[in-house]
Every structure is written in structure tokens, then in C-alpha cells.
Amino acid sequence: MKSLWFFEDTNLFKILCPHKFKTYKSQHNFDAYKKQDYIYFEDDSANKVYLIEKGKVKLGYYNEDGEGVVKAILTRGELFGETAIFGESKRDEFAMSIDNTTSICPIGVETMHKLMRDNQTFSFKVYKFIGFKLKKLERRLQLLLFKDTKTRLMEFLHELCTDYGYDCEKTGDKIIHHPYTQKDIASLIGTSRPTLNILLNELKEDNIIEFTRKEIRIYRKSA
1 MKSLWFFEDT NLFKILCPHK FKTYKSQHNF DAYKKQDYIY FEDDSANKVY
51 LIEKGKVKLG YYNEDGEGVV KAILTRGELF GETAIFGESK RDEFAMSIDN
101 TTSICPIGVE TMHKLMRDNQ TFSFKVYKFI GFKLKKLERR LQLLLFKDTK
151 TRLMEFLHEL CTDYGYDCEK TGDKIIHHPY TQKDIASLIG TSRPTLNILL
201 NELKEDNIIE FTRKEIRIYR KSA
């Protein structure tokens, strides 16, 4: 199954960054962000598209209680803020760096439009990305509507294996080093943090997983 949470296996930065085009190279800069720095806020003017050169970025929104709800966590090579290409005037989400060495390639909407007009490969990759993102959204909605919470959690853990996991040479277990908090995971699978904690502990008691704050081990017999 393609990743529900990430646009994986494609480093858009290598293809889309204006720094790769001679016409724009001299006038193009990268922006550096520290952990918890905002790249943009909800309701900010949507006049740029962003590519991640390095680091991690969290996308989310604030609910009626003022609590932040995470929509996705993106890494190197991924694109965000792309709805500005289609005329979005204001942001409906926030974007925040969650890494102390995040480097972002900002692309003005007019520059993006010109690059898409002048370069067929560039344009195709942008549309492919947006189409894939819509499919992810549809898949995520299906999971939230038709799958129970435990199933959603198990599918998410297997997605983490794809994005962050590696095999332990000694045991064959899957080791996952990930950037999520339990609150983030709960938001992404549509449940509460207490419910998530109960499910994780049940999986632990059943010898399916072992977990700490930033690491999950899926035992070989369950992977």
C-alpha cells in the first residue's frame, strides 16, 4: 500500500527547486528555521509554495479549543503549501519546523506558474504530486470512516516501517525511529491520546511491539 501519511520515494526537491534552473539560481535563496519556528500561520497570505531541502515540517490546524491538530509531518524532498498554485488566497493550516536544522526552498506562485508553463516535466511532476496527495486524503478518509481504531493504528505502524523503519541485524525486528508524539499519532488516526495509549500498551502486553517516546520495535513474528 502506498504511504497514507507521506509522499514517499520521490524527492521533489531534486526536480522542482528553482535553484536547479539557471534562470532562477542567482535570485533564489533558502530559508533556515529552528525547532518550533513557524513557516506560515493559518490565514496568512498564500503566495508561495515550499520545498524541504532538509529537516522536518509539521502541518496542522487549531481546533475550537485552541489545540493544535497535526495533519502531516513532512521531510526532505517534500512539497507543501501547493494549493496556492490554484488560487488559494489564505492558508487553512499552519506549517511549523520541528527540527533545528530545517532548510526550506520558497517558491513564489508566479515563479511556479512560469516554471510549469516552460517545463513540461516540471509541470507533470507537480500535478502527479497533487493527484497522489488527493488519493492519500481519500484513503485516509476511508480508514477513519470504515476501520476500527486498532486497525487504523496497526496500518499506521506499518506505514512507519516503510518511512522510518529498518531491520535489526541481531533479531530481525523492525526498529522505527520516528518524529511523532503520541498526540500527533492520535490526531492522525482519529482517536484520543488516552485511547492510543491503551492500545499501545495492549500491543505491548501481547508482545507485538515495544515502544519508547521516539522508537517503536515491532517484533519479528508480528512484522
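Under this note's numbering, the sequence shown has 6 at position 6, and the numbering climbs by one with no breaks.
We put the beta carbon where it would ideally sit given N, CA and C, even for glycine.
In chain order, what residues of the same chain have a beta carbon less than 6 Å from the beta carbon of THR102, not counting five sequence neighbours either side? TYR33 and GLY55
In whole angstroms, what separates the C-alpha of LEU110 from that of GLU215? The residue asked about is misnamed: residue 110 is Glu in this sequence, not Leu. About 42 Å.
Helix, strand or coil at ALA46 [DSSP, three-state]: coil
Quick check: GLY60 and LYS71, are their CB atoms within less than 8 Å of each other? yes
For ASP167, does the three-state DSSP call read helix, strand or coil? Three-state result, ASP167: strand.
Starting from TYR127 and walking both ways along the alpha helix (DSSP H), at which residues does that stretch end? 120–146
Spatially closest choice to ARG76 from ASN197, ASN119 and LEU51, by CA coordinates: LEU51
Write down the C-beta distance between ILE218 and LYS174 rounded to the nearest angstrom, noting that I regard them as a contact closer than 8 Å. Rounded to whole angstroms, the Cβ separation of ILE218 and LYS174 is 4 Å, and the two are in contact under 8 Å.
Return the CA-CA distance between LEU199 and SER187, expressed in angstroms with no decimal places. 14 Å
THR212: buried (16+ other C-beta within 10 angstroms of its C-beta) or exposed? exposed
Given this structure, state the Cα-to-Cα distance separating ASP118 from GLY131, to the nearest angstrom. 21 Å
Tell me whether LEU203 is buried or exposed, calling it buried when 16 or more other Cβ atoms sit within 10 Å of its Cβ. buried
PRO106, enclosing beta strand (DSSP E) - first and last residue: 102–108
Own chain partners of ASN197 with C-beta closer than 7 Å, once the 5 adjacent residues on each side are dropped: Contacts found: GLN182.
In whole angstroms, what is the alpha-carbon distance linking GLU53 and CYS105? 7 Å
Could you give the distance in angstroms between the alpha-carbon of LEU141 and the alpha-carbon of PHE86? About 23 Å.
Should ALA95 and ILE185 be called a contact, given that it needs their Cβ atoms to be closer than 8 Å? No, the Cβ-Cβ distance between ALA95 and ILE185 is not below 8 Å.
Between which residues of its own chain and SER123 is the CB-CB distance below 6 Å, once the five residues before and five after are set aside? MET116
Among the residues of its own chain, which have a CB less than 7 Å from the CB of PHE80, if the five just before and after it don't count? Counting only Cβ-Cβ distances below 7 Å, and skipping sequence neighbours, we find TYR50, VAL57, LEU59, LEU74 and ALA95.
So, for TYR164: in the same chain, excluding its five sequence neighbours on each side, which residues have a beta-carbon less than 6 Å away from its beta-carbon? Here the set comprises ILE176, HIS177 and HIS178.
Please check the pair GLY190 and ARG220, which I expect to be a contact at CB under 8 Å, by giving their CB distance rounded to whole angstroms. 29 Å between Cβ atoms; not a contact.
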